[in-house]
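Under the working numbering, the first residue of the sequence shown is numbered 5, with each subsequent residue one higher.
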Amino acid sequence: MTVTAVVGAQWGDEAKGKIVDVHCQDAAIVARFNGGDNAGHTVVNRYGVFKLRLTPNGFYNPKTICVIGPGVVINLATLIAEIEMIQKSGIDLVGRLWVSPRCHVIMPYHPMLESVYEEAKGSGRTGTTRRGIGPVYADKVSYNGIRLVDLANETVFAEKLRVQLALKNPIFQAFGQETLNMDAVLQEKNRQFARIRGVVREPFGLLQAALVKGDNILLEGAQAALLDNVWGTYPYVTASNTLAGGAAAGLGLAPRWIDRVIGVTKAYTTRVGAGPMPTELLDQNGQVLLNEGQEFGTVTGRPRRCGWFDAALVRFTAQLNGMTELVLTKLDVLDTLPVLKICVGYRSNLDLQRIWEYWEGDARWLDTIEPVYVEIEGWQQSTRLVRDFSHLPMQAQAYVRRIEQLVGVRISMVSVGPDREEIIPVS
Ligand code: IMP
């Protein structure tokens, strides 16, 4: 038995979906533990193309149970659309999907509040996906949340909604926005809840039984380490705990069960939204990464910021997650570049005599530091068809090994294209 967590090692979009897909073939359970429909990945299989934001990977495997744990926040419209899309393709998901009644629900006022906050911050805004993620988690920790279990009881729900609208509508009024009508929200949410009622059931017992039985369980992280609410580049982060440790809290699964942590990192760096990014490239090389890597957001369509691989950053996130292995994705995106750079640490005006680590300061400090690079020769040939590590160009092998050495974690796999087969095992 293995309990494996798959987590993002950078700022998200590392192609975790593909790596979960590769590993979930023999999983009895695939479980999401954090985030909401701010995440997004595309799954291509014999049933079709699925663009998913909430449903865990493994939904197409009739033997796999899909769990959405209590650490996840639910947009009901998204969940309904995904269930219907999957059912329509001929896959029976409903019988295998378990959504915790403890999940908090994104209400119409959450994205509205987020817009108010983001506009008020002006150029200092976080650059969120505007799905209401920050405000729903804020309501959760301030005891103002509405959970699926509340929606199961119309009287309880109506009372909770009444209080929240009494608190929130005056804010919208103050900012010159339309207020929300209680009856309209009630009706919409009651109608939506009725459609998913059958999958709302607590997966805790199921998970505990699977642990005792020795089943393979895959914990699917959303977003990534540098977007973690505590350890990320706050306030340019997301609202949930994105680390392997968050899997324990988000699912009610004791940390001692997690025996394998796979960190997924691109062979370069990207980021969507605002916040520091020491290795960002605003030159021609950045354009190559953007175009070759097709770096546009799945949820928002925004072009991603691109830069060199930052080994100092990934070394930090490897420690945060206790990574047992690292998977390097999108190596092929570097195929045309004559020279590559890897950041090994930073120079700070606070003390120019030494190399600084990522975790030594906050987001504002990170904006003032200069990356220290090592240069590596590019390979300038396609790696797309390579399936054996020893057949990679020598320079590409050296690049992978250098990253492994700088991060301090074994690289178990290199990905050279979006398809499931475009994978090179590394020993
Ligand atoms: P939020 O999660 O929508 O509140 O957005 C907060 C920050 O996290 C913004 O910079 C988003 O661009 C970023 N973010 C949220 N989800 C993802 C993701 O799945 N991939 C990459 N960035 C994300």
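Quick reminder that beta carbons are idealized off the backbone N, C-alpha and C, glycines included.
Small disclaimer: the values here were computed from a predicted structure and weren't measured.
Residue nearest to residue i in terms of C-alpha spacing, selected from the options
i, options, result
"Thr68", "Ile221, Arg358 and Val189", "Ile221"
"Val303", "Cys28, Cys70 and Thr82", "Thr82"
"Cys310", "Val10, Glu18 and Asp219", "Glu18"
"Pro115", "Leu101, Gly131 and Pro105", "Gly131"
"Thr246", "Met5, Lys20, Gly421 and Val167", "Lys20"
"Asp314", "Gly421, Trp261, Leu230 and Leu294", "Leu230"
"Thr387", "Glu374, Thr372, Val376 and Val404", "Val404"
"Ile428", "Gln401, Gly138, Leu410 and Asn79", "Gln401"
"Asn42", "Gln91, Ser352 and Tyr141", "Tyr141"
"Arg406", "Gly16, Ala316 and Trp363", "Ala316"
Contact test: residue i Cβ vs the ligand IMP heavy atom, cutoff 7 Å
i, result
"Gln177", "no"
"Arg135", "yes"
"Leu231", "yes"
"Trp432", "Examination of residue 432 is not possible in this model, given that the chain is present from 5 through 431 alone."
"Val268", "no"
"Gly305", "no"
"Gln298", "no"
"Tyr272", "no"
"Gly138", "yes"
"Thr130", "yes"
"Thr242", "yes"
"Val145", "no"
"Gly44", "yes"
"Gly21", "no"
"Val53", "no"
"Val276", "yes"
Buried or exposed by the 16-neighbour rule on C-beta atoms within 10 Å, applied to residue i
i, result
"Thr46", "exposed"
"Asp232", "buried"
"Met98", "A small fix is needed here, since residue 98 is Val in this sequence, not Met. The residue in question, Val98, is exposed, as its Cβ has fewer than 16 Cβ neighbours within 10 Å."
"Gly108", "The sequence given here has His at residue 108, not Gly. By the 10 Å Cβ count, His108 comes out buried."
"Glu299", "buried"
"Asp371", "exposed"
"Val378", "exposed"
"Leu2", "Given that the chain is displayed from residue 5 to residue 431, the structure contains no residue 2 and the question cannot be resolved."
"Val432", "Residue 432 lies beyond the stretch modelled for the chain, which goes from 5 to 431, so this question has no answer here."
Residue range of the alpha helix (DSSP H) that includes residue i
i, result
"Glu88", "Leu80 to Lys92"
"Glu296", "Gln288 to Glu296"
"Arg4", "Outside the displayed span of the chain (5 to 431) sits residue 4, for which this structure offers no information."
Limits of the unbroken beta strand (DSSP E) element including residue i
i, result
"Val153", "Unbroken run through Val153 is the alpha helix (DSSP H), Leu152 to Leu155; no beta strand (DSSP E)."
"Thr269", "Arg264 to Lys270"
"Tyr377", "Glu374 to Glu381"
"Gln357", "Asp355 to Trp360"
Taking 8 Å as the threshold, find out whether the region 276-290 comes into contact with the region 186-204 through three or more Cβ pairs.
-> Touching, no.
Count the CB pairs spanning the region 171-187 and the region 268-287 that are closer than 8 Å, and state whether there are at least three.
-> These segments do not touch.
Determine, using beta-carbon pairs with one atom in the region 328-340 and one in the region 371-390, whether at least three such pairs fall under 8 Å.
-> Yes: at least three Cβ pairs fall under 8 Å.
Indicate whether the contact test is met: 3 or more Cβ pairs, each with one atom in the region 24-42 and one in the region 73-88, closer than 8 Å.
-> Contact holds: three or more Cβ-Cβ distances are below 8 Å.
Are there three or more Cβ pairs, one per stretch, closer than 8 Å when the region 353-362 is compared with the region 409-421?
-> Segments in contact, no.
Are the region 210-229 and the region 56-71 touching by the rule of at least three beta carbon pairs closer than 8 Å?
-> The answer is yes - the region 56-71 touches the region 210-229, with three or more Cβ pairs under 8 Å.
Kindly confirm or deny that the region 209-220 and the region 249-267 touch, where touching means at least three C-beta pairs closer than 8 Å.
-> Result yes; three or more Cβ-Cβ pairs closer than 8 Å.
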